[in-house]
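The working numbering applies: residue 1467 is where the sequence shown begins, and numbers increase by one.
Glycine included, each C-beta is placed from N, C-alpha and C at the ideal position.
What you are looking at is a predicted structure, and each value in this text was computed from that prediction instead of being measured.
One structure below.
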Amino acid sequence: MHRFLLLALLGASPLFNDLHAQSDWPTKPVRIIVPSSPGGGTDTIGRLLGVHFSAALGQQFIIENRAGAAGAIGYAAAARMAGDGYTLLIAPTTITSLHLVLKNPQFDALRDFTPITQVVASAQVLVVHPSIPARSVHDLVALAKKTRNELTFASPGEGSVPHLAVELLKNMTAIQLVHVPYKGVTPGLTDVIGGRVAAMIVNIISAKPHIDAGKLRPLAVTSLKRAEALPNVPTVSEAGYGEYEALQWFGLFAPAGTPQRIVSRLQVLTAAVLREPETRKRLAGEEPIGNSPEEFAKVIKNEVDKWTNVARAANLQPR
């Protein structure tokens, strides 16, 4: 009788229910949607976390690559899923800007997702082909003003953060550059290396091997402080152009409505993974973050506001 009453009281306890619910998740495989093809930075982060989550929770975390439309296909797919803890999304900074150039975006970064944690962040780097007569941001600005609408810059796609990072630079320096959008980082960077396009703002991990080989010339990094991976490259701000900052980050999301207990559990697991020396070695060049869902939500809101203002100033129109 006493045992029955005790169980009844425990069953009515929110703490017991919460703990019981946690032990019930996950009871089946969890998908991690990656809005890009295998092999890129987003995919690498997703697979790294998936392996650790599987080991810690005893269930498969399966990578599902949903590439296309600069990430919009993957974002929209994740936004449509139930918030039951069985769908996650790894997304780059562009989730906060891509909607600005889409006529009918099928996702909203602020409404459709529950932020879990910002996984890593890093500076990007402004590079030019070695044939371009510019060795600093000042040189590039002077050249752009002299040549007028002749200098080209590549991006991984219209509305991507690397695209808007150049639009921000154009606005701050009052120059004109011709945008050449590509379907991803690799084809754009390939054309800069080949001399078919003059410049690009790109993540350091992708650019550094080509910088070291002399195939690209770095002019500046896009963070407020110099990047450890390129310590001799100044920041855009050092060149005298205000508080210029355009970081590349990757974050872990779940569909809206995902229970807080699951969100908290995944955040704690991610932070633990990021503290491991082997993880830090694999993510060389990226700064591990692992912040709280609340802190990450503020980052997302600030990024959406920032890129909305940049797009408006550049008069970018939805397509």
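- In this structure, Asn1669 is the residue among Ala1587, Ile1582, Asn1669, Leu1576 with its C-alpha nearest to the C-alpha of Ser1621.
- Around the beta-carbon of Leu1576, fewer than 16 other beta-carbon atoms lie within 10 Å, marking it exposed.
- Under a 10 Å Cβ-count criterion, Asp1490 is classified as exposed, with fewer than 16 other Cβ atoms of the shown protein chains found around its own Cβ.
- Annotation: the continuous alpha helix (DSSP H) that includes Phe1519 extends over 1507-1523.
- A buried status is given to Asp1578, since no fewer than 16 other beta-carbon atoms sit within 10 Å of its beta-carbon.
- Less than 9 angstroms divides the Cβ of His1595 from the Cβ of Leu1682.
- Linking Arg1601 to Ala1780 through their CA atoms gives a straight-line distance of about 26 angstroms.
- Ranked by how close their Cα comes to the Cα of Ala1587, the residues Ser1758, Ile1539, His1676, Ser1689 have Ser1689 in first place.
- Annotation: the continuous beta strand (DSSP E) that includes Pro1558 extends over 1553-1558.
- When the five nearest sequence neighbours on each side are left out, the beta carbons in the same chain lying within less than 7 angstroms of the beta carbon of Ala1664 are those of Val1594, His1595, Ile1598, Leu1617, Thr1618, Phe1619, in order along the chain.
- Between Gln1714 and Thr1562, the gap from beta carbon to beta carbon reaches 9 angstroms or more.
- Check the Cα spacing between Thr1774 and each of His1629, Gly1756, Ala1705: the tightest is with His1629.
- Going by beta carbons, Val1603 and Thr1553 fall outside the 9 angstroms limit.
- With respect to Leu1555, Ile1511 sits apart: the two C-beta atoms are not nearer than 9 angstroms.
- Closest in C-alpha terms to Val1776, from the list Glu1711, Gly1723, Glu1760, Glu1752, comes Glu1711.
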